[in-house]
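My numbering runs 6 ahead of the 1-based position in the sequence shown.
Structure record follows, encoded as C-alpha cells.
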Amino acid sequence: MNSHKIQVTIWNEFIHERTSGALGDHIRKIYPDGIHRHLAASLLTDPRCTLTPVSLDQPSQGLPDALLNRTDVLFWWGHCAHQEVADELVERIALRVQQGMGLIVLHSGHRSKIFRRLMGTECRLRWREAGEKERLWVAAPGHPIVRGVPESFTLPHTEMYGEPFDIPDDGKPIFFSWYEGGNVFRSGVTFQRGAGKIFYFSPGHETYPIYHDENVLTVLRNALFWAAPVEMLPVRVTHQPEPPETIRTINPLETIDTAVLHAPSESKEKEL
Ligand code: ZN
Numbered sequence: 007m008n009s010h011k012i013q014v015t016i017w018n019e020f021i022h023e024r025t026s027g028a029l030g031d032h033i034r035k036i037y038p039d040g041i042h043r044h045l046a047a048s049l050l051t052d053p054r055c056t057l058t059p060v061s062l063d064q065p066s067q068g069l070p071d072a073l074l075n076r077t078d079v080l081f082w083w084g085h086c087a088h089q090e091v092a093d094e095l096v097e098r099i100a101l102r103v104q105q106g107m108g109l110i111v112l113h114s115g116h117r118s119k120i121f122r123r124l125m126g127t128e129c130r131l132r133w134r135e136a137g138e139k140e141r142l143w144v145a146a147p148g149h150p151i152v153r154g155v156p157e158s159f160t161l162p163h164t165e166m167y168g169e170p171f172d173i174p175d176d177g178k179p180i181f182f183s184w185y186e187g188g189n190v191f192r193s194g195v196t197f198q199r200g201a202g203k204i205f206y207f208s209p210g211h212e213t214y215p216i217y218h219d220e221n222v223l224t225v226l227r228n229a230l231f232w233a234a235p236v237e238m239l240p241v242r243v244t245h246q247p248e249p250p251e252t253i254r255t256i257n258p259l260e261t262i263d264t265a266v267l268h269a270p271s272e273s274k275e276k277e278l
C-alpha cells in the first residue's frame, strides 16, 4: 500500500480577512484566521493528506520552490491582488500542473493569472452582490467530485456568478447553478492541462459562510482526492538526437551546422 500522503497546499491572498472596519470585522467573524487556515482545518479530517495553508504576504509569495515542488494539489483563492502574483511564480505553477499537480481554483480565482494562463481565455463572467440564494445542480452524476453530494442543494446567500463565462470548450461541467435573480452558471468545471487535473468551483464569496457548508466541504474534499496525481511526470525533454531506429537517408545538410537555428528555444527550455 502506498504510504505517500497527499501534500495539499492552500494558497490565499489573505487580504479581505484583514480589511479594517465593519466589513473586515464581518469577514473575520466567518474566517477569524483566514480562508486558507479555515479550509485547512475543515478539510484535515483525512489522515491520507497533509494540508499547508499559505498566503501572498509570506516569503516567495507563499510558494517557495521547496513547497511547490512537493505539492500534489494546490488550492487557489484570490480576488483583489491577482496582479501582485509574480509572472515567474505563475509559470512555475503552470509547469508543475503540466507535470501532474492538481489545481483547485476557488470563487474569484477565475480571474487569477494562473487560471487564465492555463485556460488561455479571459475567464470573464457576469456578477452581482445582492445576497441572493443559489441552487446548485449536479451535472455529472457518478463523477468522483460529487460523491456523497445531493443532486441539488442551496446556499442561502451568495454572490451571483453568471454566464457567459468565457472558459474553453474542453471544460466538463460538474455543477450548474441557478440564482434567485434568474442567472445561471457553470459553477463547477473540470479541465486537464498536460498531466494535471484542474477543478474550478465558484461558491466561496468571503462575506458569507460558504466554506462552512457541509456540501461545499464535501465537494472540496472529493476534488482534492480526484485531482491528486497518480504520479508526477519529469520535466519534458524535447530534443532527441539519437533516433531509436537507424536513419539510412543521407542528410543533405550534413556538412552545415544547423545548431544555431535551435539555440534560442533550447536555452529557454533549459530555463524551464
Ligand atoms: Zn466574491
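Built from N, CA and C at the ideal position, the CB exists for glycine as well.
Keep in mind that this is a model prediction, so the values were computed, not measured.
If you look at leucine 230, you'll find it in the alpha helix (DSSP H) that goes 220-233.
For methionine 125, same chain residues with a beta-carbon under 7 Å away, outside a window of 5 residues either side, are Ile173 and Pro174 in chain order. Across the set Ile21, Cys55, Leu50 and Arg24, the C-alpha of Cys55 shows the shortest separation from the C-alpha of isoleucine 12. The beta carbon of glutamate 138 is closer than 8 Å to those of His163, Thr164, Met166, Tyr185, Glu186 and Gly187 in its chain, skipping five residues each way along the sequence.
Alanine 233 places its beta carbon 8 Å or farther from that of glutamine 105. Taking 7 Å as the cut-off, one finds no heavy atom of ligand 1 near enough to the beta carbon of histidine 42.
Our two residues, arginine 199 and phenylalanine 205, have alpha carbons roughly 11 Å apart in a direct line. Counting the other Cβ atoms within 10 Å of the Cβ of asparagine 228 gives 16 or more, which makes it buried. When beta bridges are read from the DSSP output, glutamate 140 appears opposite Leu161 and Tyr185.
Note on geometry: alpha-carbon atoms of arginine 141 and asparagine 221 lie some 12 Å from one another. Nearest to lysine 119 by C-alpha distance, out of Trp143, Ile110 and His88, is His88. Rounded to whole angstroms, leucine 267 and leucine 239 show a C-alpha spacing of 28 Å. When the alpha-carbon of glycine 115 is set against those of Glu97, Trp133 and Trp83, the nearest one is in Trp83. When the beta-carbon positions are compared, glycine 108 and proline 209 stay at least 8 Å from each other. Pairwise C-beta distances place the stretch 58-70 in contact with the stretch 36-48, as three or more of them are shorter than 8 Å. Just so you know, the alpha carbons of leucine 73 and arginine 153 end up roughly 30 Å apart.
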